Every structure is written in C-alpha cells, then in structure tokens.
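Below is one structure; the comments refer to it alone.
There are 2 protein chains.
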Amino acid sequence: MISMELEAQQSTSCEKIGFSPWWMFTFFITILKKFHAKVARLFTKLKKIAEEDPRRVYHSFKVGLALTLVSIFYYVTPLFNGFGSSCMWAVLTVVVVMEFTVGATLGKGLNRTLATVLAGSLALGAHHLAELCGEKMEPILLGILVFILASAATFSRFIPRVKKRYDYGVTIFILTFSLVAVSSYRVDEVIPLAHQRASTIAVGVATCLCTTFFVFPVWAGEDLHKLTATNLEKLACFLQGLGDDYFQDKAKKENKVGEKKDYFQSYKSVLNSKPTEESLANFAKWEPGHNGFGFRHPWNQYLKIGASTRRCAYSTEALSAFLTACDSKPKPDPNDEVGTKIRSACAEMSSESAKALSDLASSIRTMSAPTLARQHMAAASAAAEKLKTVLLYSGSVAEIVHVATIGAILVEIVNCEHEIVGTV
Amino acid sequence: MISMELEAQQSTSCEKIGFSPWWMFTFFITILKKFHAKVARLFTKLKKIAEEDPRRVYHSFKVGLALTLVSIFYYVTPLFNGFGSSCMWAVLTVVVVMEFTVGATLGKGLNRTLATVLAGSLALGAHHLAELCGEKMEPILLGILVFILASAATFSRFIPRVKKRYDYGVTIFILTFSLVAVSSYRVDEVIPLAHQRASTIAVGVATCLCTTFFVFPVWAGEDLHKLTATNLEKLACFLQGLGDDYFQDKAKKENKVGEKKDYFQSYKSVLNSKPTEESLANFAKWEPGHNGFGFRHPWNQYLKIGASTRRCAYSTEALSAFLTACDSKPKPDPNDEVGTKIRSACAEMSSESAKALSDLASSIRTMSAPTLARQHMAAASAAAEKLKTVLLYSGSVAEIVHVATIGAILVEIVNCEHEIVGTV
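Residue numbers (our numbering), protein chains in the order written: chain A, 2 to 425; chain B, 2 to 425.
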C-alpha cells in the first residue's frame, strides 16, 4: 500500500514538473523537430517523384504557363471589354482540359468543344420551344426537358464505348445544356452570351493545345510503345535469371548470388499493366502523327501484345510461387536420364525464350522487324517439343508428371487460400 | 476479249439503271432498313445494360432530379435575386459532383467544398497583397502567384496519396484560386461575390448529397463486399469443376459434359479486378455507417483478400492454360501406385479448397465467422502435405517432377510468346 502511495505522489510531482516552462520548451523543440523531419521526408519524396520522370516537373510548369497566358484576358482592358465575365470560361477550360499527355489534352479539348457546340444549339432550340408555350409554362417545360436530357445522357455513360472515349464530352453536354437552357429563362439576349462563351472556351482549348504541343510535348503513344517494350524486357529478365540460377553449372551460378531477388520481383508490375495500357492506347488514338508514329498507327496491336505479355506473366507468377515454395529443391541425380533430358530442355527454353523476348523488345524500340526473335523462338519451341516427347513417350512418367504438375500448382493455390482464410 | 467488253457494257448499263427513280427508292429503303436495324441493336444493348444493373437507371433519373431541383433557383424570382448569376455554380456543381455511389459523391462533394473554401481564402489574401503593391504591379504579381500555385498544386497530383484521394480537390483548388485571384482584378467587391459562389456551391453539394443518400442509395462499400465474395465464388467454381472433371470417376463426369467451358472462363474477370477494388475501397472510406458496415469498417482488409484472391487466380490461369494445352492427357495407369496417390491428393485438394472458398464467400456475404472453412482448409493442407511427401520421398520421381513442373509452365510461357512474336 505504502509503495503505491509513494508512486502516486511521485507521479503527481512529475506532472507538476511537466507544466514548468522548461517542459514547455522541450515540448516545442520536440514538435519542431518532428515537423522538420516530416517536411524533410516530404521533400525527399517530391524529389524522388521528380527524378523518376522529369516530365512531371515540366508538366506542372506548363499548367502554370497556360493559366497565366489565359488570365491575360482579364488584365488587358480591350480584351476584357470584348468578352466580359465570360473570360472565366477560358480559365475554367484550361484547368480541366490540361492533361499530362498530348492525346489526353486533345481528346478532352475536342470532347469539350464538340459537346459545348452541340448542347448549346440544342439548348437554344429548347429555349425557343419553351418561349412559344407562354410565360407560365416556360419553366415547367424547361424543367422537363432538362430532366429528360440529363437522365438520357447520364444513362449513355454506362455504354462501355461512350464511357471509354466520350465520358468527359457527355459531362460537358449535360453541363452546357442545363446552364444554357435554364439561364435562358433569366437572360434576354441568349445568342450573344452563347457566342461569348463558345469563343472563350475555344480560346481556352487553343491555349491548352499550344502549350501541350509546343512545350516539351508528352506523347501517350510513345509512352505506350516504351511500356510494351519494357514489359517484354522484364519478362526476359526473369527467364534469363531463372535459366542462370536453376539450370546452369555451378561456376556461373556462384557469381550471381544476391541478384536472385531482383529478377523475382521485376515482372510483378506487368501483372497489373492492363488499365495503364488501355488508357494510354485510348489517348494515343487522339494524337496526330509524331516521331515516326503515323496518325492511324495500329495502337490496338499494342493492346494485343500487352494481353499476351500479361498471360506470360501469369504463368511466370505461378512458376515463381512454385520455386519460392520449394526452396529446398531436390538435388539432381546425374544418373537419371529422363531428369537430365528435362533439365536440358528447360535450360534451353528459358534462355532461348529470354533472348527472343529481348530481341522483340529491342525491335519494338527501334521499330524494325525482329531479326533473331524467330530463330530463338524456333529453338525454344524445339526444346518445348523435346520436353513434350520426353514426357509423353516415357511411359508411366508421363502420367505422373501430368498429375504432379496439376498437383504442384494446386498446392500454390492452397497456399494462397491460407492467406485469405487468415484475413477473413 | 469479247466477253470482257460485253461485261464492261453490261456494267455501264447497270450503272445507268442505277440512277433511275426506282433505284433511288430502293436505295432509301435499304438505308432506312439499315438504320432501323442499328437503332434496334442499340435499344437491345441499352436494355441489356439496364437489366444487368437496374441501379444504373435509377442513377440516371437521380441526376435528372438533382439538376431539376437545383434549377429551381433560376425559376423562383426571390431566390434568383438573392444569388444572381452565381446560381450557375449550383448547376455546375451538381453536374460534376453527382456520382454513381454515395462514397464517390461524398468524396467529391467534400473535396469540392474544402478546396473552394481554402483556395478562395488564399486568393483573397493574394488579392489584398497585390493591391498593396500598386496598380501597375498588381497584374504582374497576380500572374506570378497564379503561376507558382498552379504549378505546385499540379505537381502535388503526382504524389500517389494525393492522386488517390484528393485529385479532384486539387483541380478545384487550382480552379478557384485562379478564378478568384484573377477576376479580383476586375471586380470591385470581391467578398460578396466569393460569399455568393461559396453558398451556391454548398447548395449544389447539399442537393447532390440528399439525392444520393435518400433516393435509392448505392453504397460503394456494399459493392466491394459483394465483389470480394463473388470473386471467391468464381475461384471455388473453377476448383470444383476441375475436381469433378479431372479426378472424379466416369459416371459423375458424363453428367457434366458441356459445363466445362463455363468454369474455364468464370474466373478470368478476377485477374483484372485490382483497379475496380481499389476505387471501390477508396470511395467506401468516405461513406458513413450503413447496413451493418461501420464508418471505420476495415476496407483495407478487403484489398488484402483481393490481392490473395488475385494471386490464386494467377496460378489458376497457369493451370487452366496447362490443361487446355494438354487436351490429350495420358490415361491413368491403375497399377501405378505413385500416380494414384498423386491423383487422390489432387482430388482432395481441389474439392476441399473449393468448399473452403465457398464457405468463406458465404461467410463474407452473411458477415459471420467462417464455420467450416478452417476445417476444409485443414483437409486441403493435409492433402498438400501428402502430395509433398509423395513427391519428396519417392526418390528419383521427386527430381523429375520438380523439373517437369517448371518445364510444363515454361512450355506455357513459350506458347504465349509465340502469340507475341506473331503480333509484333
């Protein structure tokens, strides 16, 4: 009891000390230090983001430049008198239309212009129709028209094709139609207003396009092109590493210790490349010809290559899961003829297909026909055929290998499920 | 030669007939028919989209409703006199903030409100600062400030965390800051204007929130919850089908002809579920408690389950590629002891893990602790251990099976590569 009381006394005296000026000072110092550390971490992060892709910095400055350019409308009196408060539409357009790549900016700009013109004309028609029905009916009719058109346009966004390429246009269509139709009830001269707005929007789009085109342009097509080649290279790196690690003689292997983890991770980003590739291809379709890519460059082909690459990556993922699980792999038995045959076929497949992928990647990069890829592929296929022969013609082994492969992959699936059970 | 001339004559006479009124009539009939067929196809498509998820139709009507509600500001004279042309900000807000799910609308609405308030206050500060520097310096200083803030804010969008949750807020921040700062040069009374705009934006956000909350609300959290369960069920369906098809006795098998293709395709959508899951989880974090989900429901857990499910799906994809490639699989040899052991282990693994996944899915759906999943998982793991034992302790088979599995997956990779070579 006494010791507890003593402790209680000590703690209250500690608290009293805690509110002394000295304690306050150290408290602030700690907070300042923590704040400083946080800011330093943030700056390191920002620096890393900028270094990873310096085009990000250029893009930020481009947005600033376009906004400053378009705000000249406000500063120069004759310009401002010509457009009045419609100038804000130019600023608004620049903020929402400026995107990282030329294709995305062009797509948004065209969507915005076309949707504005279309919806504006329709809204003017609706305005005249409503005026014909008399003053009392006008707001009711306008309300009904806005309801119907907004609902129909919103529903059209669920059509995958519209969603993919014209989503932004539909938003602007609804926006312009509602604004023009509804505000026509209050504004007497609708046509000059519509004209002012359309021209300021055109100025905004033009400013964005000039900035993206002429100041460090970033082409979505080029990014897609590079991404496709990089993904192939990542797979090639895995296969090369696998061949060196598992099927080469010991002398070579020991030089490579430590690199293993690298190639086991490099291809992971390929697994989830689909959304990036699709949006890049979508933007690339809006882009005019540039740097050797024509206007109608077959961007869909890149999506096909991407799909095959991903399927490769899925098998790679299964293989890497299998190899990670069996870390203590059985020692090869030099007297086992079938085993040796399979090993040599595997070694050939992995190294030849790695070479084929590397060659494909470099031929994509240089935009030339692949020279050695077909040759390497033929060698890999020959090894695959050899393997199939070994597995199919060696009697009882064939059956064992077939079910054992299924079994080995099933074991991986069961391992993954364990994690799910743990999480649920 | 003569026959060619005759043909040429015939074709020119045909062309002459082609421009008769009769030809014009049939031409229009054909075009009308084609148009009719196109419209019919479009309607079938729209009907399908609506039937797949009737909430899409409700959402479209909700957008129409919110817009009609907010446009009352224009029709009722006292309201319009109170806000003036700032009413357009309410319409604009509704069009851009209304989203399919409650979480997305709430996230956008909060982003918009906070960004507007923050950027508006900063811009007012900038305006006062610029005024202090004299009339000549004012536009220059405003231009510099807009350039710096727009560039910095644009760069912050490349930080993954900001991109994920506050992307829309940053856009609105740039927009509001530029608009208020730049237009303050022309408007004498900035404060009342800023006040009007902020209140109309608040009205717009409130209208959106009321419509999404109280008229058929669509909860992103619920969608994520269901998606997670559905994905587990899809994998269970594959494993069940595999077990029935490959490892069951013949009598059962023959009843199941024709279903094979179904289960070979069902899990494919799981492979690319990552972006959907991430955006749903992101929206769900904004949502208040509903239908048994608390406000701080552990949505990140769903992402973890999703990641494990996808890894399961990758192995499944590799397995299915392997099975599709070896369509002529070797007949089981009843005297082969090792083969029979492996088969029985495989059968147990696939059926038990299918049951475990089904149980997990239904326990997620009913939000109860899984009852039988652990039991089934234990059985599956036991079978996996048994398989490992068979493969590891049966001498030379172990080595063959190990390399043969790698080989079998490599053959799949080579097959995928063939497609890539064909496309490049």
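A virtual CB, placed ideally from N, CA and C, is assigned to each residue, including glycine. As the structure is a prediction and not an experimental result, all values here were calculated from the model.
Residues near residue i in its chain [Cβ-Cβ closer than 7 Å; skip 5 each side]
i: residue 100/B; result: 106, 109
i: residue 443/B; result: This structure does not reach residue 443/B, given that chain B is present from 2 up to 425, and the question cannot be answered.
i: residue 67/A; result: 95, 99, 208, 209, 212
i: residue 370/B; result: 364
i: residue 134/B; result: 142
CB contact check: residue i to chain A, cutoff 8 Å
i: residue 96/B; result: yes
i: residue 278/B; result: no
i: residue 216/B; result: no
i: residue 89/B; result: yes
i: residue 140/B; result: yes
i: residue 202/B; result: no
i: residue 221/B; result: no
i: residue 372/B; result: no
i: residue 265/B; result: no
i: residue 459/B; result: One cannot answer for residue 459/B here, as it falls past the ends of chain B, which runs 2 to 425.
Beta-carbon contacts of residue i that lie in its chain and below 6 Å, excluding the five residues immediately before and after
i: residue 60/B; result: 101
i: residue 116/B; result: 170, 173, 174
i: residue 185/A; result: 128, 191
i: residue 351/B; result: 240, 243, 244
i: residue 230/B; result: 362, 365, 366
i: residue 234/B; result: 362
Beta-carbon proximity of residue i to residue j, cut-off 8 Å
i: residue 97/B; j: residue 172/A; result: yes
i: residue 388/A; j: residue 343/A; result: yes
i: residue 406/B; j: residue 409/A; result: yes
i: residue 412/B; j: residue 383/A; result: no
i: residue 274/B; j: residue 222/B; result: no
i: residue 314/B; j: residue 353/B; result: no
i: residue 224/A; j: residue 281/A; result: yes
i: residue 1/A; j: residue 151/A; result: Chain A is shown from 2 up to 425; residue 1/A falls before or after that span and cannot be answered.
i: residue 317/A; j: residue 414/B; result: yes
i: residue 137/B; j: residue 283/B; result: no
i: residue 204/A; j: residue 195/A; result: no
i: residue 238/B; j: residue 270/B; result: no
Separation of residue j from residue i, as counted between CA atoms
i: residue 356/B; j: residue 124/A; result: 58 Å
i: residue 272/A; j: residue 206/B; result: 38 Å
i: residue 290/B; j: residue 367/A; result: 55 Å
i: residue 228/A; j: residue 294/A; result: 15 Å
i: residue 254/B; j: residue 104/A; result: Note on residue 254/B: pLDDT 49, under 50, position unreliable in the model; no value is reported.
i: residue 168/B; j: residue 158/B; result: 6 Å
i: residue 50/B; j: residue 248/A; result: 52 Å
i: residue 155/A; j: residue 64/B; result: 7 Å
i: residue 149/B; j: residue 143/B; result: 10 Å
i: residue 416/B; j: residue 301/A; result: 21 Å
i: residue 121/B; j: residue 72/A; result: 17 Å
i: residue 47/A; j: residue 160/B; result: 7 Å
i: residue 377/B; j: residue 420/A; result: 14 Å
i: residue 139/B; j: residue 304/A; result: 51 Å
i: residue 296/A; j: residue 42/A; result: 44 Å
i: residue 24/B; j: residue 31/B; result: 10 Å
i: residue 312/A; j: residue 391/B; result: 31 Å
i: residue 345/B; j: residue 58/B; result: 50 Å
i: residue 288/A; j: residue 216/A; result: 16 Å
i: residue 37/B; j: residue 219/B; result: 35 Å
i: residue 189/A; j: residue 202/B; result: 25 Å
Contacts around residue i, its chain only, beta-carbon distance under 8 Å, and the 5 residues preceding and following it disregarded
i: residue 320/A; result: 243
i: residue 1/B; result: Given that chain B is displayed from residue 2 to residue 425, the structure contains no residue 1/B and the question cannot be resolved.
Closer than 8 Å to chain B by CB, residue i
i: residue 271/A; result: no
i: residue 93/A; result: yes
i: residue 406/A; result: yes
i: residue 41/A; result: no
i: residue 72/A; result: yes
i: residue 315/A; result: yes
i: residue 100/A; result: no
i: residue 155/A; result: yes
i: residue 170/A; result: no
i: residue 350/A; result: yes
- [ ] Run through the stretch 339–414 of chain B for me and flag every whole alpha helix (DSSP H) of 4 or more residues, listed as ranges in chain order.
- [x] Listed in chain order, the complete alpha helix (DSSP H) runs (minimum 4 residues) inside the stretch 339–414 of chain B are 374–394.
Open item on the list: Please give me, in chain order, every unbroken run of the alpha helix (DSSP H) with length at least 4 that falls completely inside the stretch 184–239 of chain A.
Closed with: Taking only runs of at least 4 residues, the alpha helix (DSSP H) segments lying wholly in the stretch 184–239 of chain A are 191–215.
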